[in-house]
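Below is one structure, written out as structure tokens; the observations come after it.
Residue numbers (my numbering), protein chains in the order written: chain V, 35 to 147; chain E, 140 to 251.
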């Protein structure tokens, strides 16, 4: 069964500094990997995905993620954090052969001015 | 034009009542889902329909019954509501083949 781990409940970073939100996954086949962001009292917004191809994926709002097959990781990164990036971030994975998207437990990102 | 729309946005009801949440998508996707987000923000899939056929049915009480009249709509009916059903319910859709999921804005259900 597929699973996702987000080891950090919260990540704190100062505005202007780079940020990383960690994600590792487990699937039996080829992974389809996603990052979503949730602002307070809002739905989930799609940031980026990896299906195949280049291991570095660029997404919305300046975010990017690097797929690392050997480490089964898909960490979310941004070179320079903004206060407005503060939100709850979810990593998700689905197995190539299945429609079920499984989410991690979420990481709260807090960017201080 | 909202891609995935859910109604109502908020729902407050008493224990024991029956309620429905509606979802519609205008993206032409062939698969729709219901997810539940609990008070700790955990997101768990409940059901999935592909072209009106149920393909995923997680361990969800029988009081929850999804209905898909066509591939653009997936409704969720809940019987005999319990306090533990209080959560945010998200509808989502996707196209088979690896596309991303598009989520609705959620329905916050509060059972009192």
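The beta carbon of each residue, even a glycine, is placed where N, CA and C say it ideally should be.
Checklist entry - With distances taken between CB atoms, is the gap from residue 70/V to residue 106/V smaller than 8 Å? => result Within the first chain, the letter at position 36 stands for residue 70/V. Within the first chain, the letter at position 72 stands for residue 106/V. In this structure, residue 70/V sits away from residue 106/V, with a CB-CB distance that is not shorter than 8 Å.
Checklist entry - Leaving out the 5 sequence neighbours to the left and right, which residues in its chain are closer than 6 Å to residue 161/E when beta-carbon positions are compared? => result Translated into positions along the second chain, residue 161/E becomes position 22. Setting aside the 5 residues that flank it on each side, residue 161/E is surrounded in the same chain by 146 and 214, each with a C-beta closer than 6 Å to its C-beta; the list follows chain order.
Item to check | Chain-ordered residues of the stretch 123-146 of chain V with a beta carbon less than 7 Å from chain E | outcome: Here the close residues are 124, 133, 134, 135, 137, 139 and 140.
Item to check | Reduced DSSP category for residue 129/V - H, G, I as helix; E, B as strand; rest coil | outcome: By one-based count along the first chain, residue 129/V stands at place 95. In the structure shown, residue 129/V falls within a strand segment according to DSSP collapsed to helix, strand and coil.
Checklist entry - To the nearest angstrom, how far is it from the Cα of residue 235/E to the Cα of residue 44/V? => result Translated into positions along the second chain, residue 235/E becomes position 96. Translated into positions along the first chain, residue 44/V becomes position 10. Computed Cα separation, rounded: 33 Å.
Checklist entry - Can you give the beta carbon distance from residue 164/E to residue 211/E, rounded, assuming they're within the 8 Å contact cut? => result Position 25 of the second chain, counting from 1, holds the residue named residue 164/E. Position 72 of the second chain, counting from 1, holds the residue named residue 211/E. So it is a contact: roughly 6 Å between Cβ atoms.
Checklist entry - Using a C-beta cutoff of 8 Å, does residue 155/E count as contacting chain V? => result For the purposes of this step, residue 155/E is taken as residue 16 along the second chain, with counting starting at 1. By this cut-off, residue 155/E is not an interface position.
Item to check | Contacts of residue 170/E in chain V (Cβ-Cβ under 9 Å) | outcome: Taking the first residue of the second chain as position 1, residue 170/E is located at position 31. Ordered by position in chain V, the residues that pass the 9 Å Cβ test against residue 170/E are 133.
Next on the checklist: Tell me which residues of the stretch 212-232 of chain E have at least one Cβ-Cβ distance to chain V shorter than 7 Å, keeping chain order.
Outcome noted: Listed by position, the residues of the stretch 212-232 of chain E near chain V (Cβ gap below 7 Å) are 229.
Checklist entry - For a contact meaning CB atoms closer than 8 Å, what does residue 196/E contact in chain V? => result If you number the second chain from 1, residue 196/E lands on position 57. Residues of chain V whose Cβ lies closer than 8 Å to the Cβ of residue 196/E do not exist, since the nearest Cβ in that chain is about 11 Å away.
Item to check | Between the CA atoms of residue 188/E and residue 232/E - distance to the nearest angstrom | outcome: Here the question's residue 232/E lines up with position 93 in the second chain. Here the question's residue 188/E lines up with position 49 in the second chain. Residue 232/E and residue 188/E have their alpha carbons spaced roughly 9 Å apart.
Next on the checklist: Please identify the residue among 138/V, 147/V, 145/V and 146/V whose C-alpha is closest to the C-alpha of residue 56/V.
Outcome noted: Numbered from its first residue, the first chain carries residue 56/V at position 22. Out of 138/V, 147/V, 145/V and 146/V, 138/V has the C-alpha closest to the C-alpha of residue 56/V.
Checklist entry - What's the C-alpha gap between residue 186/E and residue 208/E? => result One-based indexing of the second chain puts residue 186/E at position 47. One-based indexing of the second chain puts residue 208/E at position 69. The straight-line gap separating the alpha-carbon atoms of residue 186/E and residue 208/E is approximately 15 Å.
Next on the checklist: Using C-beta distances below 6 Å, list every residue in its chain close to residue 101/V, excluding the 5 sequence neighbours before and after it, in chain order.
Outcome noted: Residue numbering aside, residue 101/V sits at position 67 when the first chain is read from its first letter. Contacts found: 84, 89 and 108.
Checklist entry - By how many angstroms is the C-alpha of residue 48/V removed from the C-alpha of residue 166/E? => result For the purposes of this step, residue 166/E is taken as the residue at position 27 of the second chain. For the purposes of this step, residue 48/V is taken as the residue at position 14 of the first chain. One Cα belongs to residue 166/E, the other to residue 48/V, and the distance between them is close to 38 Å.
Item to check | Any 3 or more C-beta pairs closer than 8 Å across the stretch 63-80 of chain V and the stretch 238-246 of chain E | outcome: With the cut-off at 8 Å, the stretch 63-80 of chain V and the stretch 238-246 of chain E touch.
Checklist entry - In three-state terms, what does DSSP make of residue 84/V? => result In the first chain, residue 84/V corresponds to position 50, counting from 1. Note: residue 84/V maps to strand in three-state DSSP.
Checklist entry - For residue 143/V, which three-state DSSP category applies? => result Within the first chain, the letter at position 109 stands for residue 143/V. Collapsing the DSSP output to three states places residue 143/V in a strand.
Item to check | Interface residues of the stretch 174-201 of chain E facing chain V [CB-CB below 9 Å] | outcome: Answer in chain order: 174, 176, 179, 180, 181, 182, 183, 184, 187, 189, 194, 195 and 197.
Checklist entry - Using a C-beta cutoff of 8 Å, does residue 63/V count as contacting chain E? => result Within the first chain, numbered from 1, the residue matching residue 63/V stands at position 29. No, residue 63/V lies away from the interface with chain E (no Cβ there is under 8 Å from its Cβ).
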